[in-house]
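Undergrad: The opening position of the sequence shown corresponds to residue 79 in the working numbering, with each subsequent residue numbered one higher.
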Amino acid sequence: MRRQTRTVLLGAFAAAAITALGAVAWVTFTPTPAQTAEDSLPTPPEPPRLAEGPDFERCIALLRSDPEAARAFATEWDARGGGEGARHCQALALLALGEPASAAQRLETLASRSQASNPARAAVYAQATQAWLMAGEANRAYGAATLALTLSPEDVDLLVDRAVALGGLSRYLEAIEDLDRALVLDPARAEALVFRAAAQRHLDRVELSARDIDRALAIDPMNPEALLERGIIRQLRGDGAGARADWERAIALAPNSAAADLAAQNLALNEAGPARR
């Protein structure tokens with residue numbers, strides 16, 4: 079579930095468009111409320127959780143089908159002593175309703191005050207991280223991810239989350255450090271390779287970027303984010319036909335994704351280039 083969130087947030091870090099003059103311009107993709115609710119909502123929370131029981135399960139089930147009903151249920155449940163479980167569901171309902179900043183603040187406060195286990199609190203900080211990224215608050219996302227990593231320092235997902243936040247702050251060297259750690263722990267994590275490739279490219283290390291993308295595609299040949307990134311690298315190397323093929327393939331594989339939107343922008347800008355000179 080967390081990987082889906084990062085995919086929607088690809089534009090915060092890994093995506094690029096080719097301008098008419100051949101320079102590289104960075105594109106930020108902001109999810110719509112519908113995408114936030116349907117594609118990127120980091121729920122239902124996987125164990126460890128802050129709460130268990132039938133009320134929590136009912137509230138989580140409502141999040142997908144009717145987030146407004148989930149918020150109403152969580153509010154009523156909180157009033158009758160639902161505690162952390164009710165407040166957690168309230169925050170996630172706000173996220174599903176397209177209010178990521180409010181959700182992120184509630185999630186972060188909940189994680190900081192919870193008496194639950196460190197892994198459970200880290201999971202809530204991770205949700206806050208992603209909500210802050212959805213809200214366009216990369217600095218707040220970095221802070222939440224750092225707090226999460228103090229509780230669960232070898233969590234690969236958290237390392238990737240913080241790298242995404244660092245990329246959104248243009249702190250690419252630090253992002254690479256987190257991605258290096260993630261890949262030591264899980265060498266086959268294709269998304270970490272894609273993000274590291276993007277960071278290397280931002281630092282004009284095109285050969286290192288290409289190496290990471292080749293590794294990512296060897297692990298997952300149909301990864302649309304990797305194809306998007308390889309297309310950018312090919313364009314930078316003067317291989318316009320190869321870039322087009324990669325971007326068209328990314329669109330075909332995941333037509334409703336952020337990667338497809340960004341690949342389509344790249345194709346359009348590349349096509350318009352000569353006419354705009």
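Don't be surprised by glycine CBs; every beta carbon is placed ideally from N, CA and C. These numbers come from a predicted model, not from an experiment.
In the structure shown, what three-state DSSP assignment does residue 334 receive?
TA: Your numbering for residue 334 matches position 256 in the sequence shown. Here residue 334 sits in coil by DSSP.
Undergrad: Alpha carbon to alpha carbon, how far is residue 269 from residue 158?
TA: On the sequence shown, position 191 is the one that residue 269 refers to. On the sequence shown, position 80 is the one that residue 158 refers to. Going by the C-alpha atoms only, they are around 42 Å apart.
Undergrad: Relative to the alpha-carbon of residue 178, which residue among 313, 212, 314 has its alpha-carbon at the smallest distance?
TA: For the purposes of this step, residue 178 is taken as the residue at position 100 of the sequence shown. Of 313, 212, 314, the residue nearest in Cα terms is 212.
Undergrad: Of the residues 223, 315, 171, 216, which one's Cα is nearest the Cα of residue 287?
TA: Working through the sequence shown from its first residue, we reach residue 287 at position 209. Closest option to residue 287, Cα to Cα, is 315.
Undergrad: Once DSSP output is grouped into helix, strand and coil, what is the label at residue 245?
TA: Locating residue 245 in the sequence shown gives position 167, where the first residue counts as 1. Looking at residue 245 - three-state DSSP - the assignment turns out to be helix.
Undergrad: DSSP on residue 300, reduced to helix/strand/coil?
TA: Counting from 1 along the sequence shown, the entry for residue 300 is found at position 222. It is coil, neither helix nor strand.
Undergrad: Have a look at 196, 137, 332 and flag the residue whose alpha-carbon is nearest the alpha-carbon of residue 174.
TA: For this step, residue 174 is matched to residue 96 along the sequence shown. Minimum Cα distance to residue 174 is reached at 137.
Undergrad: Please state if the CB of residue 272 and the CB of residue 252 are separated by a distance shorter than 9 Å.
TA: The residue given as residue 252 occupies position 174 in the sequence shown. The residue given as residue 272 occupies position 194 in the sequence shown. No, these two residues do not count as a Cβ contact at 9 Å.
Undergrad: Taking the C-alpha atoms as reference points, what is the distance between residue 195 and residue 284?
TA: In the sequence shown, counting from the first residue as 1, residue 195 sits at position 117. In the sequence shown, counting from the first residue as 1, residue 284 sits at position 206. Each residue's alpha carbon lies about 42 Å from the other.
Undergrad: Could you pull the start and end residues of the alpha helix (DSSP H) that residue 131 belongs to?
TA: By one-based count along the sequence shown, residue 131 stands at place 53. Counting along the chain, residue 131 falls outside any alpha helix (DSSP H), and DSSP gives it neither H nor E.
Undergrad: Determine the DSSP secondary structure at residue 232, reduced to helix, strand or coil.
TA: Residue mapping note: residue 232 aligns to position 154 of the sequence shown, counting from 1. Looking at residue 232 - three-state DSSP - the assignment turns out to be coil, as it is neither helix nor strand.
Undergrad: Thinking C-alpha only, which one of 336, 330, 279 is nearest residue 308?
TA: Looking up residue 308 in the sequence shown gives position 230. When each option's Cα is compared against that of residue 308, the closest is 279.
Undergrad: With residue 197 as the anchor, note down where its alpha helix (DSSP H) starts and where it stops.
TA: The residue you call residue 197 lines up with position 119 of the sequence shown. Unbroken alpha helix (DSSP H) run through residue 197: 196-212.
Undergrad: Quick one: residues in its chain with C-beta nearer than 6 Å to the C-beta of residue 241, no 5 flanking neighbours on either side, listed in chain order?
TA: In the sequence shown, the residue the question calls residue 241 occupies position 163. The answer, listed in chain order, is 253, 256, 257, 273.
Undergrad: The alpha helix (DSSP H) with residue 145 in it runs from where to where?
TA: The count along the sequence shown starts at 1 and reaches residue 145 at position 67. Run containing residue 145: 145-157, per the alpha helix (DSSP H) assignment.
Undergrad: Please say whether residue 310 and residue 334 have beta carbons closer to each other than 9 Å?
TA: In the sequence shown, residue 334 corresponds to position 256, counting from 1. In the sequence shown, residue 310 corresponds to position 232, counting from 1. No, they are not a contact pair.
Undergrad: Looking only at its chain, what residues have a beta carbon closer than 6 Å to the beta carbon of residue 312, apart from the 5 residues adjacent to it on each side?
TA: To locate residue 312, count along the sequence shown from 1; it is residue 234. The answer, listed in chain order, is 320, 321.
Undergrad: In whole angstroms, what is the alpha-carbon distance linking residue 202 and residue 318?
TA: For this step, residue 202 is matched to residue 124 along the sequence shown. For this step, residue 318 is matched to residue 240 along the sequence shown. Rounded to whole angstroms, residue 202 to residue 318 spans 43 Å at the Cα level.
Undergrad: In angstroms with no decimal places, state the Cα-to-Cα distance between residue 223 and residue 206.
TA: Looking up residue 223 in the sequence shown gives position 145. Looking up residue 206 in the sequence shown gives position 128. Straight-line Cα distance between these residues: approximately 8 Å.
Undergrad: Could you check what DSSP says for residue 192 in three-state terms: helix, strand or coil?
TA: For the purposes of this step, residue 192 is taken as the residue at position 114 of the sequence shown. In this structure, residue 192 counts as coil in the three-state DSSP scheme.
Undergrad: In three-state DSSP terms, what is residue 339?
TA: Within the sequence shown, numbered from 1, the residue matching residue 339 stands at position 261. Three-state result, residue 339: helix.
Undergrad: Looking at residue 323 and the ligand FMN, is the gap between the Cβ and the nearest heavy atom below 8 Å?
TA: Judged by which ligands are present, the structure shown has none, so any question about the ligand FMN falls away.
Undergrad: Please tell me whether residue 346 and residue 329 are closer than 9 Å, where the distance is taken between their beta carbons.
TA: Residue numbering aside, residue 346 sits at position 268 when the sequence shown is read from its first letter. Residue numbering aside, residue 329 sits at position 251 when the sequence shown is read from its first letter. Not a contact, by the Cβ cut-off of 9 Å.
Undergrad: Which residues in the same chain have their Cβ closer than 7 Å to the Cβ of residue 266, if we skip the five residues on either side of it in sequence?
TA: Here residue 266 refers to the residue found at position 188 when the sequence shown is read from its first residue. For residue 266, where only same-chain residues beyond five positions count, the Cβ hits under 7 Å are 297.
Undergrad: How would you label residue 132, buried or exposed, when you count the other beta carbons within 10 angstroms and need 16 or more for buried?
TA: In the sequence shown, residue 132 corresponds to position 54, counting from 1. Counting Cβ neighbours within 10 Å, residue 132 comes out exposed, since fewer than 16 surround it.
Undergrad: In chain order, what residues of the same chain have a beta carbon less than 6 Å from the beta carbon of residue 293, not counting five sequence neighbours either side?
TA: Your numbering for residue 293 matches position 215 in the sequence shown. Cβ neighbours of residue 293 beyond the five flanking positions: 271.
Undergrad: Going by DSSP in three states, residue 178 sits in which element: helix, strand or coil?
TA: Walking along the sequence shown from the start, residue 178 turns up at place 100. It is helical.
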